[in-house]
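Start counting the sequence shown at 640; every next residue gets the next number (this note's numbering).
Accompanying notes for the structure given below.
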Amino acid sequence: MLQALFGSKGFENISITDYMEDFDGVDHTLIDVRTASEFREGHMPGTINIPLNEIGRRTDEIPTNRPVVLVCATGNRSGAAARQLAGAGREQLYNLTGGISAWARAGHPVER
Numbered sequence: 640m641l642q643a644l645f646g647s648k649g650f651e652n653i654s655i656t657d658y659m660e661d662f663d664g665v666d667h668t669l670i671d672v673r674t675a676s677e678f679r680e681g682h683m684p685g686t687i688n689i690p691l692n693e694i695g696r697r698t699d700e701i702p703t704n705r706p707v708v709l710v711c712a713t714g715n716r717s718g719a720a721a722r723q724l725a726g727a728g729r730e731q732l733y734n735l736t737g738g739i740s741a742w743a744r745a746g747h748p749v750e751r
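And the structure:
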C-alpha cells in the first residue's frame, strides 16, 4: 500500500499548493534542512531546523506518529533528506518542491 502511495522512493514530492490544501489543519512536522545561517535568513512559520548534514544523527527529534514535510531552498536537499529518512524506514515523508524560494514567491509568510 505505501509503495502505491509513495512509490519506490519512500516519500512523496508535494507542491506548495497541495501542501496548503492537504496539510491545513493537519498535525504534521515541518523540517527545514538548510544550514542554520540560511534558516535565520528566513523560513516558513512553524518550521524546525535540522540541517541535512545532521539528519542522520538527529532522527530522534523527528516524530514518527505524524507526517513530516521537509523543505530547503529549492527542494533538492529536502529530497535528499527524505530519501535518507525513507532509507532508514521512516514513513509519511513529503518533500516540498520548490522549497522556501517557491513559498516566498507565492507570497506566503516568511519568518526571520
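We treat Cβ as the ideally placed atom computed from N, Cα and C, and that holds for glycine.
Runs of the alpha helix (DSSP H) lying entirely within the region 660 to 741 and spanning at least 4 residues, in chain order: 675 to 680 and 715 to 726. Counting other Cβ atoms within 10 Å of its Cβ, M683 reaches 16 or more and is therefore classed as buried.
Across the set T656, I670 and G714, the C-alpha of I670 shows the shortest separation from the C-alpha of I701. A745 is classed as exposed because its beta carbon has fewer than 16 other beta carbons within 10 Å across all chains shown. Remark: C-beta atoms of G649 and A712 do not approach each other more closely than 8 angstroms. Contact between V707 and L732 holds, since their C-beta atoms are separated by about 5 angstroms, short of 8 angstroms. The Cβ neighbour count for P748, taken over all protein chains shown within 10 Å, is under 16; the residue is labelled exposed.
Counting of Cβ neighbours within 10 angstroms places G728 among the exposed residues, the total staying below 16. Residues of the same chain with their beta carbon placed closer than 6 angstroms to that of E677 are lacking, with the five preceding and five following residues left out of the count. Closest by C-alpha distance to N704, out of D666, I687, T656 and D661, is D666.
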